[in-house]
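Protein chains in written order, with the working numbering: chain R, 3 to 301; chain E, 3 to 450.
All residues carry an ideal CB built from backbone N, CA and C; glycine is no exception.
None of the values given here were measured: they were computed from a predicted structure.
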Amino acid sequence: MSTPIQLITGFLGSGKSTFLNFFLNNCNPNKKIAIIQNEFSPLNIDGKKLLQTNKYEVLEINNGSVFCVCLLGSFIESLSAFREQVNPDLIIMETSGLSDTIGVGQVFQSEKLKGIVYLDHVWCIVDAQNFNRIPSLNIRFQHQLKSADTIVVNKIDLVNDDIELIVEELKKVNPFAHVEKAQFGKIDLNTPRKALNIFPARNEISLGRPGLESIVIKSSQPIKKADLFEFLNKYCQGAIRCKGFIKFKDCGYAFIQGVFEDMKIEEISPFPGPTEFILIGNFDKEKNLQVIFDEYCRL
Amino acid sequence: MNGLKLLGQAFSLEEVDRCPWVPFVGVHGGKLINTDAESYLKNTAYIVDGISEAIKLYKPDGIPVVFDLQVEAEILGCKLVWSKENPPAVVSHPLSEGMEISALKLPTENDGRIPVVLGATRILRQKYPDIGLYGLITGPFTLALHLLGTEIFMKLFEDPEYVEELMDFCAEVGVKYSEMLLDAGCDVIAVVDPMTSQIDPQSFETFVSPYVTRIFDFVRSKRKYSSFFVCGHAQQNIEIMCDCRPDNISIDENIPLDFVKEKALKKDISFGGNLKLTSVLLLGNELDSKKEALNCIDLGGKKGFILAPGCDLPMDTPNGNLKAVSELVYSDYARKVTREMEHTSSLQPLSLDGYFKKDFVTVDIITLDSASCAPCQYMVEAVKQAASGFNRKVIVKEHKIKDIDGIRMMMALGVRNVPTTCINGKVEFISQIPPKNEIITAIEKAMV
Chain R
3 MSTPIQLITG FLGSGKSTFL NFFLNNCNPN KKIAIIQNEF SPLNIDGKKL LQTNKYEVLE
63 INNGSVFCVC LLGSFIESLS AFREQVNPDL IIMETSGLSD TIGVGQVFQS EKLKGIVYLD
123 HVWCIVDAQN FNRIPSLNIR FQHQLKSADT IVVNKIDLVN DDIELIVEEL KKVNPFAHVE
183 KAQFGKIDLN TPRKALNIFP ARNEISLGRP GLESIVIKSS QPIKKADLFE FLNKYCQGAI
243 RCKGFIKFKD CGYAFIQGVF EDMKIEEISP FPGPTEFILI GNFDKEKNLQ VIFDEYCRL
Chain E
3 MNGLKLLGQA FSLEEVDRCP WVPFVGVHGG KLINTDAESY LKNTAYIVDG ISEAIKLYKP
63 DGIPVVFDLQ VEAEILGCKL VWSKENPPAV VSHPLSEGME ISALKLPTEN DGRIPVVLGA
123 TRILRQKYPD IGLYGLITGP FTLALHLLGT EIFMKLFEDP EYVEELMDFC AEVGVKYSEM
183 LLDAGCDVIA VVDPMTSQID PQSFETFVSP YVTRIFDFVR SKRKYSSFFV CGHAQQNIEI
243 MCDCRPDNIS IDENIPLDFV KEKALKKDIS FGGNLKLTSV LLLGNELDSK KEALNCIDLG
303 GKKGFILAPG CDLPMDTPNG NLKAVSELVY SDYARKVTRE MEHTSSLQPL SLDGYFKKDF
363 VTVDIITLDS ASCAPCQYMV EAVKQAASGF NRKVIVKEHK IKDIDGIRMM MALGVRNVPT
423 TCINGKVEFI SQIPPKNEII TAIEKAMV
C-alpha cells in the first residue's frame, strides 16, 4: 500500500498545532498515524506534549526554523526508512509557514519513495483575526492558499467582521479549495469524512492503494493550453486526481482541478509564481513527468 | 580562456564564446571525498579536497569555497544542530531570548568557523589561480531571521525601527565578512539571502535594499564582483534586487530565466542560476540534466549569463548528472546531440525480441548522423573496416538519433552517449573511437 501524506501548512500562530491536535484526536483510532515533525519548529507546548505521548510514531527532522526545500535530499532516506519501519496508514507533516508548501512533494518522486508514499492532501490553517495583518507576507500567503485542498479559517470566535467576507477573500485566491470555519482548530468533520477516510465513518475503505504516487510538476515557463491537455492525456491517464495552478502561454493563469474526463479550468488573475500542480494516481514509473512537461513548455 | 576571465566577461556583459559554469558545491564536496557534512564543514583540508575533486570532475569556471549560511549566525550566538547530510540548521534565536542588538559583536577572523573558511580560501586560491572563487555570506535579511526568528515578520510592521537597527548590524557583519573573504583570495562575494523571497517589494525596498546595497558598494570599492543569490518565489523582487547594484543576480527554478534576463540586462546586470535542483539534478538522469542545462543556456544567451544550479547542490546529487552538465557546457557536439533528444522522454524503447541473429555478431552504432558528424563518421568507418575481415558474419548497423527509431534503439540498448558502439547488445565503446584491433578483439570475443 502506498502511504498518504497530508501536509498542514499555515503561518506561525495560525493554530496549526491546535488543529493537528484536533485532527489526531478525531482520527479513526484503528488507523496508525505517524507524524513528521520539525524538531525545532516553534510548535506550542500542547503540540509538543501531544507528540510526546507514545501514541504516535514521530519522524523528527531538523531543518531548523527555516525549512529550505534545497535541504530535502537527506529527507528521502529518512522518510523511506521510517515508512518501512513504521508502516503507518497515514503520515501527517506540519510544515513551517515559510516553506515552499508543495516543493516537499517533489522528493516523493525519488526512486526510493515513488509508489511508497504520496502527497494526499494539503491543509492550510488561516488565522481569521490576522490573516491579512502582515501585508509584506501577502505574496507568500497567497502561495500557501493556492496550494491548499482545504483552507481552515481558524479563530473565527475572535473576529467581529463578517466571516463570510473573509471566506470570499480566500476564495478569490483559491476558488477550488474547500473552506472550513473553525474555533480552536475544530472543524465540522462531515465534509472531510466524505473526502478522506481517516475519520471514523460507517463505510470505511482502506487508505492508500498499491503503487499510488503523487507527482508535483513545477515550471516557471508557461505552457500552451493544447499542449497541457496533450501532456495530461498522453502521460497522466492513470491519474485519479489533478489539482493546481497553471501559467498558460496563450490565456493567462488558471486553476485546474479534476480528472481528465472532467477537468475544470478557471482563469485567475496573474500572480508572480510558477506553474505548480499535483497529480495523484498510478503512472509509468520509468518516466520523469517533470522533464516531459518541461519539453511541452518549450514547444 | 581561463574560467575567472570568462566569468569576468559575463559579469561585464561582454559576449562570450560559451557560457561560464558555476556548480554550487557545498556539502556535496563532502560526498565527493566520502565525508559527512558536519566533518566537512569543520575542516579546512576536507573542504580543499572536496572542492578540488569537484573542480576535477565538473571543470567549473567558478565555484563557492563553502556554501553554509550558518557561519555568521553561529558566531553571533545562534545554536546549531548538525547533520550528516545537510549544512547545519539554526535552532535558536538569541534576540528572541532576551539579548539586545547592542550586545551583538562583529565577527573577527578568529571566530567560529571563519578560520576554516579563510584557510580553505587561501589554499584554493594558490592551487587554482584561474578559477573564480565565490565567497558566500549570509544575506542581511536571512541573518536577521536567524538572530530574531520568525518574529521578524511581525516586527516589520509593528516595530520597523528595531528591524532597521538589526538590518544595519547584519549589513555590517556582511561587509566585515566580505572583506575577510576578499582578502583571503575570493573573486566574487555572493550575498545569499533566500528569506527575502518571503516579502513583498515594498518591504524589500525598506528593509533589504539599503543594507544589501551597502555590501555590494563595498565589494565594488575593492574592485571585485558581487552576486545576489535568492531562491524561492521571488519574482516580485527581481527588479528591486537589480536596483541594489550587484554585478549579478542568481535565481532558482521558481523564476523564469527569460524574465530575469530581460529585467537584469535592462539594468546592465548579469544573471544566472535556474538549473532545477530536485526534479532534475537530484532525481533525474544524465540526459535530463543535459536537456535542462541546454534549455538554460538557450534562454540565457551569450551575454551576461552564468549557468548554475538554483541553490546549494544536495549532498547526494549524482556526480554523473553534474558531469553531464559540464560536458554540455564544453562540447558543441554534446549540445547538438542533446538537441536531437529533445521531446523524446516520452518514447518507448524498441523491442529487441528476435533482433539478434544466431551465428551472427550484431554491431550497433548509435550516432548523431555519420554523414554530418565527424566523430560519428570515424566510429562507423572504424567499425566497418574491422568487421570487413569476418566474412559477412558480422552485421553492422548505424542508428541515427535524428530518427525516432534511432532514439528508441538507443534506449533499448541502454546507451547514454553518442557515438556508442554495442556488440550483441552490450555497450562496448563509448564516445571514443577505438583502434581497429580493439574492435576486432571485441567482435572475436562475441563470436565465442
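Restricting to Cα atoms, I'd like to know which of the options is closest to residue i.
| i | options | result |
| --- | --- | --- |
| E17 of chain E | E:L8, E:V24, E:W23, E:N45 | E:L8 |
| D132 of chain E | E:Y213, E:N4, E:Y357 | E:N4 |
| G121 of chain E | E:G137, E:P90, E:L106, E:K107 | E:G137 |
| K236 of chain R | R:E215, R:I78, R:F295 | R:F295 |
| F218 of chain E | E:Q237, E:C246, E:M197 | E:C246 |
| Y58 of chain R | R:L9, R:D163, R:K34 | R:K34 |
| F143 of chain E | E:F261, E:P22, E:V214, E:E342 | E:V214 |
| E329 of chain E | E:I308, E:L296, E:K402 | E:L296 |
| L147 of chain R | R:F273, R:I7, R:L301 | R:F273 |
| E102 of chain E | E:N112, E:L78, E:P89 | E:L78 |
| T20 of chain R | R:M265, R:N140, R:W125 | R:W125 |
| S291 of chain E | E:S272, E:F307, E:P311 | E:P311 |
| E166 of chain R | R:S82, R:V293, R:K183, R:G240 | R:K183 |
| D190 of chain R | R:G213, R:T152, R:E79, R:V161 | R:T152 |
| S221 of chain R | E:S229, E:N426, E:D260 | E:D260 |
| Q39 of chain R | R:L230, R:I93, R:Y298 | R:I93 |
| A130 of chain R | R:L61, R:G17, R:Q144 | R:G17 |
| K325 of chain E | E:P351, E:L289, E:M343 | E:L289 |
So residue i is in the alpha helix (DSSP H); what residue range does that whole segment cover?
| i | result |
| --- | --- |
| I248 of chain E | A small correction: the amino acid at residue 248 of chain E is Pro; Ile does not occupy that position in the sequence shown. No alpha helix (DSSP H) holds P248 of chain E; DSSP gives it neither H nor E. |
| E383 of chain E | 376-390 |
| E166 of chain E | 162-186 |
| K188 of chain R | Per DSSP, K188 of chain R belongs to no alpha helix (DSSP H) and is neither H nor E. |
| D129 of chain R | It is not in any alpha helix (DSSP H) - D129 of chain R instead sits in the beta strand (DSSP E) that spans 119-129. |
| E329 of chain E | 321-332 |
| A444 of chain E | 438-449 |
DSSP puts residue i in a beta bridge; with which residues?
| i | result |
| --- | --- |
| L135 of chain E | E:I65 |
| F257 of chain R | R:F247, R:E268 |
| K402 of chain E | E:T369 |
| I253 of chain E | E:G275 |
| N4 of chain E | The partner list for N4 of chain E (beta bridge, DSSP) is empty, contrary to what the question assumes. |
| L9 of chain R | R:M95, R:V124 |
| A39 of chain E | The partner list for A39 of chain E (beta bridge, DSSP) is empty, contrary to what the question assumes. |
| N426 of chain E | DSSP output for N426 of chain E lists no bridge partner at all. |
| I154 of chain E | I154 of chain E pairs with nothing; no bridge assigned. |
| L301 of chain E | L301 of chain E is not bridged to any residue. |
| W84 of chain E | The partner list for W84 of chain E (beta bridge, DSSP) is empty, contrary to what the question assumes. |
In the DSSP assignment, find the unbroken beta strand (DSSP E) run with residue i in it and report its ends.
| i | result |
| --- | --- |
| S221 of chain R | 215-221 |
| H180 of chain R | 180-183 |
| M95 of chain R | 92-96 |
| F307 of chain E | 307-311 |
| S228 of chain E | 227-231 |
| T152 of chain R | 152-156 |
| L281 of chain R | 277-283 |
| E59 of chain R | 59-63 |
Run down chain E in chain order and give the residues with a C-beta less than 8 Å from the C-beta of residue i.
| i | result |
| --- | --- |
| Q111 of chain R | S281, L285 |
| G275 of chain R | H235, Q237, N256 |
| Q108 of chain R | T280, S281, L285 |
| Y237 of chain R | S348 |
Along chain E, which residues have their Cβ under 9 Å away from the Cβ of residue i?
| i | result |
| --- | --- |
| Q131 of chain R | Neighbours of Q131 of chain R on chain E: none; closest Cβ ~13 Å, over 9 Å. |
| K289 of chain R | S347, S348 |
| Q146 of chain R | Those within 9 Å of Q146 of chain R in chain E number zero; the least Cβ separation is about 10 Å. |
| L121 of chain R | Neighbours of L121 of chain R on chain E: none; closest Cβ ~14 Å, over 9 Å. |
Strictly below 8 Å CB to CB, what residues from chain R border residue i?
| i | result |
| --- | --- |
| D290 of chain E | N290, V293 |
| E76 of chain E | By Cβ distance, chain R contributes nothing, its closest Cβ being about 12 Å from E76 of chain E, past 8 Å. |
| N297 of chain E | D296, R300 |
| F230 of chain E | Residues of chain R passing the Cβ test: none, with the nearest at roughly 17 Å. |
Report the neighbours of residue i on chain R: residues whose CB is nearer than 9 Å to its CB, in chain order.
| i | result |
| --- | --- |
| E344 of chain E | E297, R300 |
Along chain R, which residues have their Cβ under 7 Å away from the Cβ of residue i?
| i | result |
| --- | --- |
| K293 of chain E | V293 |
Taking C-beta pairs closer than 7 Å, name the residues in chain E that residue i reaches, listed in chain order.
| i | result |
| --- | --- |
| Q223 of chain R | P258 |
| task | Spell out a yes or no on whether the stretch 276-283 of chain E and the stretch 237-255 of chain E are touching, meaning 3 or more CB-CB pairs, one atom from each, closer than 8 Å. | result | Result yes; three or more Cβ-Cβ pairs closer than 8 Å.
| message | Does the contact criterion of 3 or more C-beta pairs under 8 Å hold for the stretch 348-365 of chain E versus the stretch 285-304 of chain E? | response | no
| field | the stretch 44-59 of chain E in contact with the stretch 364-374 of chain E per 3-pair CB rule at 8 Å | value | no
| said: When you compare the stretch 94-110 of chain E with the stretch 171-180 of chain E, are there three or more beta-carbon pairs, one atom per stretch, that lie closer than 8 Å? | reply: With a cut-off of 8 Å, the stretch 171-180 of chain E and the stretch 94-110 of chain E count as touching, because enough Cβ pairs lie within range.
| field | Segment contact flag, the stretch 159-177 of chain R with the stretch 231-248 of chain E, C-beta cutoff 8 Å, min 3 pairs | value | no
| Taking three-plus beta-carbon pairs below 8 Å as touching, is the stretch 40-53 of chain E in contact with the stretch 85-103 of chain E? | yes
| query | Between the stretch 21-29 of chain R and the stretch 104-124 of chain R, are three or more C-beta pairs nearer than 8 Å? | reply | no
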